[in-house]
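As structure tokens, the structure follows; a few thoughts come after it.
Numbering (my numbering), first residue to last: 3 to 147.
Pasting the structure below:
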């Protein structure tokens, strides 16, 4: 199982949840303060919504959710083999989940390939600043939100 992740900055989380529930015909998989995500089967999409994380209607970040840590490691090895800049994060707390992930830097966007290992009580670890991935400077991410 893998699916593309699209993370969006939204102005009104409740309004956005209502819209995407109607659009895709599914309820959110997770809703937290300022955050929601949808695990959509058709089309295979992980839709993530962030309130108050950037310009409403703008892209927060892109990713690919995979089923296992071995798939994350394979994606990291493949990217490094192609001389693409990568940053590996193992057992990191992000987006209300514990994840293994690799960030791969593209010409305009950073992409994350990740797997969810467990649920987490916070968006990011205590004391970590929430920073939106910047299209102009993707190295500014500290978490995926």
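Idealized CB from N, CA, C, for every residue including glycine.
This structure is a prediction, so every number in the text was calculated from the model and none was measured.
{"Check": "When the Cβ atoms of the region 69-85 are set against those of the region 24-40, are three or more pairs found closer than 8 Å?", "Outcome": "no"}
{"Check": "At which residue ranges does the region 28-64 contain complete alpha helix (DSSP H) runs of 4 or more residues, listed in the order of the chain?", "Outcome": "none"}
{"Check": "With the cut-off set at 8 Å, would you say residue 115 and residue 104 are in Cβ contact?", "Outcome": "yes"}
{"Check": "How would you write the range of the alpha helix (DSSP H) that residue 17 sits in, first residue to last?", "Outcome": "15-26"}
{"Check": "Determine the extent of the alpha helix (DSSP H) in which residue 79 is found, giving its start and end residues.", "Outcome": "71-83"}
{"Check": "Under the three-state reduction of DSSP, which class applies to residue 102: helix, strand or coil?", "Outcome": "strand"}
{"Check": "I need the DSSP call for residue 9, collapsed to helix, strand or coil.", "Outcome": "strand"}
{"Check": "Could you tell me the alpha carbon to alpha carbon distance between residue 32 and residue 56, rounded to whole angstroms?", "Outcome": "20 Å"}
{"Check": "With residue 96 as the anchor, note down where its beta strand (DSSP E) starts and where it stops.", "Outcome": "88-96"}
{"Check": "Could you name the residues of the same chain whose beta carbon sits closer than 8 Å to that of residue 66, not counting the 5 residues immediately before and after it, in chain order?", "Outcome": "4, 5, 6, 7, 77, 113, 114, 115, 116"}
{"Check": "For the candidate residues 51, 46, 118, whose alpha-carbon lies nearest to that of residue 30?", "Outcome": "51"}
{"Check": "Quick one: what's residue 112 bridged to in DSSP?", "Outcome": "107"}
{"Check": "Do the CB positions of residue 62 and residue 10 come within less than 8 Å of each other?", "Outcome": "yes"}
{"Check": "Taking just the CA atoms, how far does residue 96 sit from residue 131?", "Outcome": "Since pLDDT at residue 131 reaches only 40, below the 50 mark, its modelled position is unreliable, and no value is offered."}
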